[in-house]
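If you read the sequence shown in full-length UniProt numbering, its first letter stands for residue 1, the second for the next number, and so on.
C-beta atoms are modelled at their ideal positions from N, C-alpha and C, and glycine is treated no differently.
Only a predicted model underlies this, so the values are computations on that prediction, with no experimental measurement involved.
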Amino acid sequence: MKQNSIISLPDLFLDIITKKIDINKNTGNINQEIRLKIGGNAANFSIALGKIGIKNKLIAGCNKISELIFRQYIKDKKLKIRFLPIYIDISITISLEDNDRIMITDPKGIQIGINEIKKYEKLLKKTKYIFFGNWNNNKKSNELLKYIINLNRDAKIYLDIGDPSINIENLNELIKILKENRIWVLSLNEYELEYLGNFLKLDYENLLDLANKLYKILNVEHLDIHSPDFVYSLPSNIYIKLRKLNQ
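Here it is in structure tokens:
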């Protein structure tokens, strides 16, 4: 597959993970174990493709620091990813994993709309597949999605919206976009599925029933539902139950 046939956008995060926090009572110093890893839906999708040998491009917001870290990562891993930066700011997620997992997200670097992405218009016009991630954290997502749809009507768009409650003020417009355009795949986890069902005031007996009702309302080619327990895809009506392996 040609490199210019797959583009992921628009998010690149630096995930800061703290495993243990220990406060020294004598000095007040905080001793902690910290890991830094690449995050973001688009970045992780691009990396996953790269790890199985598929060339692809990543268009993502960043600053010079996050760009340097990402470029070094793909160099070290020998991944065939062409990184196309949009210099806005750094996006960071801090994950505190001592007891209850607490995540703090600063998504300044993914506020990307038409003006920010226009420099890559020629590439977007030619690409065959587009992964569109982190709709919920980008307040310009609807603007960006409509622009891409109108720019390249032949592109197959895989849309991962994330937690819609974070961007509820733009959810009605997203639903309108989905009804009026033929998105290739809408991917939801079980929470996102239920949230959309409740938002649209749908009555349902179970998650599979809800998925079918949502699929009939939205004008998407495929609706993919994933959870820790199962995956379910429409219109193929394929249901796969997942079983955890003993560690």
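Could you check how far apart the C-beta atoms of L9 and I59 are, in whole angstroms? I think they sit under 8 Å.
Between I59 and L9 the Cβ distance is about 4 Å, and since that is below 8 Å, they are a contact.
Rounding to the nearest angstrom, what Cα-Cα distance links D101 and I238 in this structure?
Reading the sequence as shown, one finds Arg at residue 101 and not Asp. The alpha-carbon atoms of R101 and I238 are separated by roughly 32 Å.
Mind checking residue 259: buried by the 16 CB within 10 Å criterion, or exposed?
No answer is possible for residue 259: the residues shown for the chain start at 1 and end at 247.
Would you check if the stretch 162 to 171 and the stretch 122 to 129 touch, i.e. whether three or more CB-CB distances between them fall below 8 Å?
With a cut-off of 8 Å, the stretch 162 to 171 and the stretch 122 to 129 do not count as touching, because too few Cβ pairs lie within range.
Going by beta-carbon coordinates alone, are L144 and I183 separated by less than 7 Å?
Cβ atoms of L144 and I183: not closer than 7 Å.
Identify the continuous beta strand (DSSP E) that holds D160 and give its terminal residues.
That run of the beta strand (DSSP E) goes K156 to D160.
Who are the Cβ neighbours of E121 in its own chain at under 7 Å, not counting the five residues just before and after it?
Counting only Cβ-Cβ distances below 7 Å, and skipping sequence neighbours, we find L151.
Going by CA-CA distance only, name the one from D209, I81 and L202 that's closest to I54.
The residue with the shortest Cα to Cα distance from I54 is I81.
Using a Cβ-Cβ cut-off of 6 Å (strictly less than) and excluding sequence neighbours within five positions of S187, which residues of its own chain qualify?
Hits under 6 Å: D160 and D224.
Compute the Euclidean distance between the alpha carbons of S91 and D15, then round it to the nearest angstrom.
Roughly 9 Å between the two C-alpha positions.
By how many angstroms is the C-alpha of Q111 removed from the C-alpha of K146?
For K146 and Q111, the distance between alpha carbons rounds to 15 Å.
Quick one: Cα of I6 to Cα of G197, how far?
Using only the alpha carbons, I get a separation of about 31 Å.
Confirm, please, whether the CB-CB distance from K64 to D89 is below 7 Å.
Taking 7 Å as the Cβ cut-off, D89 and K64 do not qualify as a contacting pair.
Whole beta strand (DSSP E) runs in the stretch 80 to 119 with 3 or more residues, listed along the chain?
Correct list: 81 to 87, 91 to 96 and 102 to 106.
Identify every run of the beta strand (DSSP E) within the stretch 117 to 192, keeping only runs that are complete inside it and at least 3 residues long; order them along the chain.
The stretch 117 to 192 contains these whole beta strand (DSSP E) runs: 129 to 132, 156 to 160 and 183 to 189.
How is the beta strand (DSSP E) around Y232 delimited, first residue to last?
Residues F230 to L234.
What is the rounded straight-line gap between the Cα of L96 and the Cα of K37?
If you take the alpha carbons of L96 and K37, they lie about 14 Å apart.
Take L200 and list the residues in its own chain whose beta-carbon comes closer than 6 Å to its own, dropping the five residues that flank it on each side.
Cβ within range, chain order: n/a, list empty.
Among L214, G61 and E180, whose alpha-carbon lies nearest the alpha-carbon of N115?
If we check each option's Cα against that of N115, G61 comes out closest.
Mapping DSSP to helix, strand and coil, what is D203?
Coil, per DSSP.
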